[in-house]
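Here the sequence shown stands for residues 5 to 144, where the numbers follow our numbering. Below is one structure, written out as structure tokens, with a few remarks after it.
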Amino acid sequence: MNTQTLITIAQFILELLVALLGGFLAAKVAAKSQMLTTAQTSFVEAKLDAFRDFETAFEKWCVDKDRAACANMYRQGNAVCLVANDDTCESTLQLLDLIRKFETDKVQPDFDEISSIHVKLLFSMRKDLLSYPVPKPIKK
Numbered sequence: 005m006n007t008q009t010l011i012t013i014a015q016f017i018l019e020l021l022v023a024l025l026g027g028f029l030a031a032k033v034a035a036k037s038q039m040l041t042t043a044q045t046s047f048v049e050a051k052l053d054a055f056r057d058f059e060t061a062f063e064k065w066c067v068d069k070d071r072a073a074c075a076n077m078y079r080q081g082n083a084v085c086l087v088a089n090d091d092t093c094e095s096t097l098q099l100l101d102l103i104r105k106f107e108t109d110k111v112q113p114d115f116d117e118i119s120s121i122h123v124k125l126l127f128s129m130r131k132d133l134l135s136y137p138v139p140k141p142i143k144k
């Protein structure tokens with residue numbers, strides 16, 4: 005073999021290694037991006053579902069105010085606290101506390117108090133949806 009042939013073979017091997025390395029890195033970046041996108045989409049959908057179900061339960065409680073409606077509010081409040089940030093969870097718990105007082109003491113909650121907490125909760129939910137944290141994969 006002459007020198008020209010050896011240089012051509014070395015050049016081919018080097019190009020092949022660079023192409024394989026580039027393909028591997030591109031696949032790794034694409035997989036990470038796809039995983040983050042899927043996680044974000046699932047997380048936002050879970051929040052939306054929990055917030056929507058909580059609002060539906062609150063509307064039902066406002067009409068019925070029976071034990072079943074209270075129990076449904078507690079369930080939906082727990083779901084909200086699982087997916088929401090601290091402010092949203094705190095507002096949810098404040099609203100549930102008023103409902104618990106109504107259920108146990110049969111004292112009608114003050115309309116202004118329950119309305120102000122509900123409005124605070126709605127703003128907190130909105131802020132929560134617009135500023136959700138980007139999930140970060142665990143480093144190995």
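Every residue, glycine too, gets a C-beta built ideally from N, C-alpha and C.
Among 113, 99 and 30, which one has its Cα closest to the Cα of residue 84?
In terms of Cα proximity to residue 84, the closest of 113, 99 and 30 is 99.
Would you check if the distance between the CB atom of residue 64 and the CB atom of residue 87 is smaller than 7 Å?
Going by C-beta atoms, residue 64 is not nearer than 7 Å to residue 87.
Cβ contact check for the segment 115–133 and the segment 90–99: 3 or more pairs under 8 Å
Contact between the segment 115–133 and the segment 90–99 is present, because at least three Cβ pairs lie under 8 Å.
Cβ neighbour criterion (16 or more within 10 Å) applied to residue 128
Buried: at least 16 other Cβ atoms inside 10 Å.
Are at least three pairs of beta-carbons, each pair with one atom in the segment 42–49 and one in the segment 15–23, less than 8 Å apart?
Of all C-beta pairs linking the segment 42–49 to the segment 15–23, fewer than three are shorter than 8 Å, placing the two stretches out of contact.
In this structure, does DSSP put residue 109 in helix, strand or coil?
In the structure shown, residue 109 sits in a helix (DSSP, three-state: H, G or I).
My understanding is that residue 103 touches residue 77, with C-beta atoms under 8 Å, so please give their C-beta distance in whole angstroms.
Confirmed, Cβ separation roughly 5 Å.
Residue range of the unbroken alpha helix (DSSP H) whose run includes residue 143
Segment: none, residue 143 is in no alpha helix (DSSP H) and carries neither H nor E.
Going by Cα to Cα distance, which pick from 113, 13 and 28 is closest to residue 66?
For residue 66, the nearest C-alpha among the options comes from 113.
Give me the Cα-Cα distance between residue 35 and residue 101, rounded to the nearest whole angstrom.
Straight-line Cα distance between these residues: approximately 44 Å.
Are residue 58 and residue 80 closer than 7 Å when you measure CB to CB?
In terms of Cβ geometry, residue 58 and residue 80 form a close pair [threshold 7 Å].
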